[in-house]
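Here the structure comes first, spelled out in structure tokens, and everything after it is commentary.
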Amino acid sequence: MNTASYPSPHTAYELRTAIETARLVLRPLRRSDAELVVGWRAQDAAQSLRPQPTIAEHLAWFASERRGRVDSATVEKAKGRPSGLVNFRDIDEAGQSAEVGKLIGGPSCRGRGYAQEATVAWLMYGFGELDLERVDAWTRSDNHASIHVDVKLGSMVTEERRFRDADARAELRKMTLTRQRFLEALREIDPSLAPMLSLARTRLAAAARRQR
Ligand SMILES: CC(C)(COP(=O)(O)OP(=O)(O)OC[C@H]1O[C@@H](n2cnc3c(N)ncnc32)[C@H](O)[C@@H]1OP(=O)(O)O)[C@@H](O)C(=O)NCCC(=O)NCCS
Numbered sequence: 062m063n064t065a066s067y068p069s070p071h072t073a074y075e076l077r078t079a080i081e082t083a084r085l086v087l088r089p090l091r092r093s094d095a096e097l098v099v100g101w102r103a104q105d106a107a108q109s110l111r112p113q114p115t116i117a118e119h120l121a122w123f124a125s126e127r128r129g130r131v132d133s134a135t136v137e138k139a140k141g142r143p144s145g146l147v148n149f150r151d152i153d154e155a156g157q158s159a160e161v162g163k164l165i166g167g168p169s170c171r172g173r174g175y176a177q178e179a180t181v182a183w184l185m186y187g188f189g190e191l192d193l194e195r196v197d198a199w200t201r202s203d204n205h206a207s208i209h210v211d212v213k214l215g216s217m218v219t220e221e222r223r224f225r226d227a228d229a230r231a232e233l234r235k236m237t238l239t240r241q242r243f244l245e246a247l248r249e250i251d252p253s254l255a256p257m258l259s260l261a262r263t264r265l266a267a268a269a270r271r272q273r
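Each position in the sequence shown, counted from 1, maps to that position plus 61 in the numbering used here.
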């Protein structure tokens, strides 16, 4: 990794306060989430584009600086237990871009709209507080649920690639979302949220002015 493009450790991007949605709370990923996260990732090995870590590997990664990325857990308010995670990787501060990831763990949590609910909140954080202009997500082309959520939130396919020549299923799509398209999608999905994104940007601009 070229650390010049990914200058800051995860602490620079972490949520300062938890984000609350109708059914979820997004808070920074914790060491104690390790077993759940490794279990979810093993269960989704077929969809994953990355190697599956052991608990020891996950913990070593968690304790590292995790430069250019930030990871949050999504916790079900009703049950008080994590239901999944969201992240931004390869954060490029100069280019105002990042790769976004989402995972809703366990079959009992799937198909209930949690991915959409968590991703809307996470994108508001990325486009508002982290001042991103563009996020990308690489997804297998047969990951219909993920692509459906991405398209609903305004993403467009900007690139297609084969993952492994031997695997006919393994076609990848790059889903790209700009702040402007997300704002337009947000006005359709939940018009009450769009002004909050503008507010986050106003706060950010004010903070930048104070630093000058
Ligand atoms: C992809 C994933 C995040 C979806 O989580 P989820 O909480 O079940 O998703 P949601 O319930 O919010 O939304 C799923 C949407 O996809 C739709 N969907 C589900 N299966 C579908 C299919 N085969 N074709 C088209 N749409 C489909 C659902 O109808 C729903 O849309 P709606 O809300 O408009 O009705 C989850 O399956 C997961 O974590 N997978 C493993 C990790 C992964 O693939 N991450 C994405 C790659 S970065």
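We treat Cβ as the ideally placed atom computed from N, Cα and C, and that holds for glycine.
Your pair residue 194 and residue 68 does not check out as a contact, with CB atoms roughly 17 Å apart and the cut at 8 Å. Given a length threshold of 3 residues, each whole run of the beta strand (DSSP E) inside the stretch 80-104 is given here in chain order: 85-89. Set against 7 Å, the gap from the CB of residue 148 to the closest heavy atom of ligand 1 is not smaller. Residue 85 has its alpha-carbon roughly 20 Å from the corresponding atom of residue 74. Per DSSP, the continuous beta strand (DSSP E) segment holding residue 164 begins and ends at 158-165. Counting along the chain, residue 237 sits inside the beta strand (DSSP E) bounded by residues 232-239. As the crow flies, the alpha-carbon of residue 99 is around 12 Å from that of residue 146.
Residue state for residue 190 is assigned as helix, using DSSP reduced to three classes. Around the Cβ of residue 116, a 10 Å sphere holds fewer than 16 other Cβ atoms; the residue is exposed. A residue is called buried when at least 16 other Cβ atoms come within 10 angstroms of its Cβ; residue 272 does not meet this threshold and is exposed. A residue is called buried when at least 16 other Cβ atoms come within 10 angstroms of its Cβ; residue 173 does not meet this threshold and is exposed.
If you check the C-beta of residue 90 against ligand 1, you find no heavy atom less than 7 Å away.
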